[in-house]
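Reviewing the structure listed below.
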Amino acid sequence: MPPKSATSTNNKKKKSKSTPTKNENDSLLSFSEEDQLKIINDTGVLHKLPPKSGSTTSLSSSSKSGSEPFFLNSILLLIPLLTIHSSLIYLIHTQYNFESSFSVLKSLFPAPFLLFFIYVTMRFRHLAIMKLVFVVGSCAAGCLLIDMSTDYPTFGTMLRTPGLVVLWVYFVIMMDLKWTLVGVGGPALWYWKESIASAFGVGKAGGLPRLEL
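So this is what it looks like as structure tokens:
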């Protein structure tokens, strides 16, 4: 059998060969930052790590809100609304035999103001105050339109109705479905106000008061 001193020296040599020395560790860590980044990119270690759910949702929401083309959407909405406005003005001129005084340029006059209004309301439509504006504006525009077209059907008064139609349509488009029912149902109830009042026995003397401007 070999002596104990020889076996102990052999074990020490094996341990020294298996464990790296301090100089070897320093040499392993002596890579430059560029080499380290290259190694990380080549191995793909970062791609294997699962991303945090909160960071991805926040990044996706911010990218969606930042990349949404508000101005382009405003122009796309402006075109059909101006078409409705000009068509209604032409129909009013035709109905009252004022075709000669109709002008396409005059009917397109509110285009810049309407574009600015659409852009601002569309950009901040997620706010609660803007949703309230849509609901109240749709009900007010619808009720005013009904009153002006039924109680005061003069030429000057009817020329103001196309703008109310455009606002009413725009507010209804921008609202959610449940609030759209309010924006359409409110003016419908206002139109049948006399029938509803008579059914409940209210306002038989003079009816409900008219909605004045």
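Each residue of the sequence shown is one higher than the one before, counting from 1 in this note's numbering. Cβ coordinates follow ideal geometry from the N, Cα and C atoms, glycine included. All values reported here derive from a predicted model rather than from experimental measurement.
If you run the structure through DSSP and keep just helix, strand and coil, what is L159?
-> Numbered from its first residue, the sequence shown carries residue 159 at position 159. In this structure, L159 counts as coil in the three-state DSSP scheme.
Go ahead and pull the three-state DSSP assignment for T154.
-> Locating residue 154 in the sequence shown gives position 154, counting from the first residue. T154 falls in the coil class under three-state DSSP.
Taking the continuous alpha helix (DSSP H) assigned at S86, which residues delimit it?
-> Walking along the sequence shown from the start, residue 86 turns up at place 86. It spans 70-95 - the alpha helix (DSSP H) in which S86 sits, taken as one unbroken run.
In whole angstroms, what is the alpha-carbon distance linking F113 and L91?
-> The sequence position of residue 113 within the sequence shown is 113, counting from 1. The sequence position of residue 91 within the sequence shown is 91, counting from 1. F113 and L91: Cα-Cα distance of roughly 23 Å.
Please classify W288: is it buried, with 16 or more other beta-carbons within 10 angstroms of its beta-carbon, or exposed?
-> Here the chain has residues from 1 to 213 only, and residue 288 is not among them.
May I have the straight-line CA-CA distance separating A141 from L164, to the nearest angstrom?
-> The sequence position of residue 141 within the sequence shown is 141, counting from 1. The sequence position of residue 164 within the sequence shown is 164, counting from 1. Each residue's alpha carbon lies about 5 Å from the other.
Roughly how many whole angstroms lie between the Cα atoms of F171 and I39?
-> The residue you call residue 171 lines up with position 171 of the sequence shown. The residue you call residue 39 lines up with position 39 of the sequence shown. Taking the straight line from one Cα to the other gives about 57 Å.
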